[in-house]
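Right, one structure below, let's go through it.
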DNA sequence: TAACAATTTGCACGGACTGCAAGTTTGAGT
DNA sequence: ACTCAAACTTGCAGTCCGTGCAAATTGTTA
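Chains as they are written, first to last, in the numbering used here: chain A, 88 to 314; chain B, 88 to 314.
This is how it looks when you write it as C-alpha cells:
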C-alpha cells in the first residue's frame, strides 16, 4: 500500500476489468453514434456491443451522452495542473492560451487509430443533446480552472476577471470550431489564435475606434481589421 | 388577409385560445418548478394545472424545460432589430453592450407580478437540464445576432469577429449572473459592466505588466511551443 | 477455502416523448 | 342555419431513458 492510488497503484484484476469495460462502452458508444447518429443509438445497443447489461451501463455513466463523449477526467486535472505550473510571467489569458493549446495537442495525440476527436466534434455539432452535455461538462471544468487561475493571480476565487478569462478562452475554442463547421478552410489553430488575439487586445480595438465605451484609454488606432 | 399576421392581425377565437393555453402552461410550469424544484415537476402536473391533456402539452412544447423557460421568441426578434438599428458610430461590442442592457431592462419590466425572471434565473442555476436547454436556446439567438452584426459590419456572416463579439457579450452577462450566484452583493448591472469593459479593453490589458502579449506588440511571441 | 466487499444483472417502475387515429372546435362558404 | 374542411385536443400504445432494490457473480483477503 505504498501507491498513491492514482496512476497505477496495484491494478488488480478487478480494477483492470473495470477500465476495460468502461473503455469498451465508450468505444462502442462512439462507433454506434457515428454510424447511426447520436440520437438514434439506444443504450441497449451500446451495452449489447460492449457485452454488458443495460443496467451496468448506467453503473458507469449517468447519461447516455456521457458515454459517447467519453471524457477522461484526467484531462481536466492535467489542465488545472498546467495552470498552476505555468510560467509566472504569463498573463492570465496568456496562461489559458497555452494551456488550451496544449490540451488540443493532447487530443490530437491520444488519437488512437482514427480521429476520434474529430468524430466527436462532428457528433457534438449534430446533436443538441450532446452539445448540451458537452457544455455542461465544460462548465464544471471552467469552475475548476477559474479557481486555479484566481489562486494564481492571488485574488479571491469568485472574482470577475479570472472567471471571465477562463470562460472567454473556452469561448475562443468554441467559436473557432463553429467557424470550421461553417465551412472555413483555415486550420483550427489559426482560428483559435485569431480569437485569442482579439480577446487579448480588446474586442473594441479590433474595430476602428469610432467610440464605444472604453473608459480607460481607448486611444489607439490599430489594424487587425480582419473580420 | 390585410393583417401582417404578426402583432394582432385578427386574433380570432382560435388564435386567442392558443395564446391563453400557452400562457397557462408556461405559468403553471414556472410556478410548479419553483415550488417543487425543476426536476421534480412532471409534465402531467403541469398539464393538469393548465387543464389540458399531457399530449396537448407536447403539442406546445418539445421538451418540458421549454415550458419552464417559457421564452418569448419576440425577445430575440427585438434584439436583432435593435442591432440593425443601432447608431452607426457604435463599435460591434458597443452595440451588443447596449442591446443586452436594453434586453435586461425589458425583462425587469415585463415582470408581471413577481420577479418571474429572477425566479427563472434561480431555477436555471439549480437544474442541469434547464441550464442545458437555456444554453441551447441561447445558441440559436447567438447565431441570429451574429448574422445581424456581421451584416452591420459589412463582413461575411461566418467571420470570427462578429461571432466572437456576440458570444463574448452573452458571456459577460452569464459570468455576471454566476458572480451574483456566488454571493457577490454588487448589482448585476455593475458586474455586467465590468465584464464588458474588460472585454472591450482587452483581457490582457486589465492585468498590469508582467509581460504577456504586450499591447504595442500584438504579435504573440511564443506559445505554440509544442504545437 | 471461508467470509467479505465490489460488481453485475434482472425486474419493476416512473416519467419523457412520439405516431396514430379518433373526437371537437372554429372559420368559411353558401 | 347548414356543411365542410382545416386546426386542435385527446387517448392509447409503444419506445427509450434512468433508478431503486435485491439476488447472483466474481474478485479480494485472511
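A virtual CB, placed ideally from N, CA and C, is assigned to each residue, including glycine.
Any chain B beta carbon closer than 7 Å to residue 291 (chain A): It does; some Cβ of chain B falls within 7 Å.
Can you have a look at residue 129 (chain B) and say buried or exposed, based on whether 16 or more other CB atoms are within 10 angstroms of its CB? Exposed, by the Cβ-count rule.
How about residue 215 (chain A) and residue 223 (chain B): do their beta carbons lie closer than 7 Å? Going by C-beta atoms, residue 215 (chain A) is nearer than 7 Å to residue 223 (chain B).
Show which residues of chain B have a CB atom less than 8 Å away from the CB atom of residue 247 (chain A). By Cβ distance, chain B contributes 262, 263, 266, 278, 281, 282 and 285.
Quick check on residue 104 (chain A): does DSSP put it in helix, strand or coil? Here residue 104 (chain A) sits in helix by DSSP.
Going along the chain, which residues of its own chain have a beta-carbon closer than 8 Å to the beta-carbon of residue 177 (chain A), five neighbours each way excluded? Once the five neighbours on either side are set aside, the close Cβ partners of residue 177 (chain A) are 185.
What are the start and end residues of each continuous alpha helix (DSSP H) run of 4 or more residues lying completely inside the stretch 229-270 of chain B, in chain order? The alpha helix (DSSP H) runs of length 4 or more contained entirely in the stretch 229-270 of chain B are, from start to end of the chain, 247-268.
Per-residue contacts from residue 222 (chain B) into chain A (C-beta, under 7 Å): The contacting residues are 219 and 222.
Helix, strand or coil at residue 344 (chain B) [DSSP, three-state]: What is shown of chain B runs 88 to 314, which leaves residue 344 (chain B) out entirely.
Just the Cα atoms here: how many angstroms apart are residue 268 (chain B) and residue 160 (chain B)? Approximately 26 Å between the Cα atoms of the pair.
Measure the alpha-carbon distance for residue 170 (chain B) versus residue 282 (chain A) and round it to whole angstroms. Roughly 22 Å between the two C-alpha positions.
Residue 260 (chain B) to residue 168 (chain B), Cα distance in whole Å? Rounded to whole angstroms, residue 260 (chain B) to residue 168 (chain B) spans 20 Å at the Cα level.
Does the Cβ-Cβ distance between residue 218 (chain B) and residue 125 (chain B) come in under 7 Å? It is not a contact, given that the beta carbons lie outside the stated cut-off.
Going along chain A in order, which residues have a C-beta closer than 9 Å to the C-beta of residue 225 (chain B)? Within chain A, no residue comes near residue 225 (chain B); the closest Cβ sits about 10 Å away, beyond 9 Å.
Using 8 Å as the threshold, is the stretch 100-118 of chain A in touch with the stretch 143-160 of chain A, meaning 3 or more CB pairs across them? Verdict: yes, contact present.
What first and last residue would you give for the alpha helix (DSSP H) that runs through residue 145 (chain A)? Note, residue 145 (chain A): alpha helix (DSSP H), 141-147.
Going by beta carbon distance, what residues of the same chain come within less than 8 Å of residue 243 (chain A), once the five residues before and after it are set aside? Closer than 8 Å at the Cβ level, and outside the excluded window around residue 243 (chain A), lie 237.
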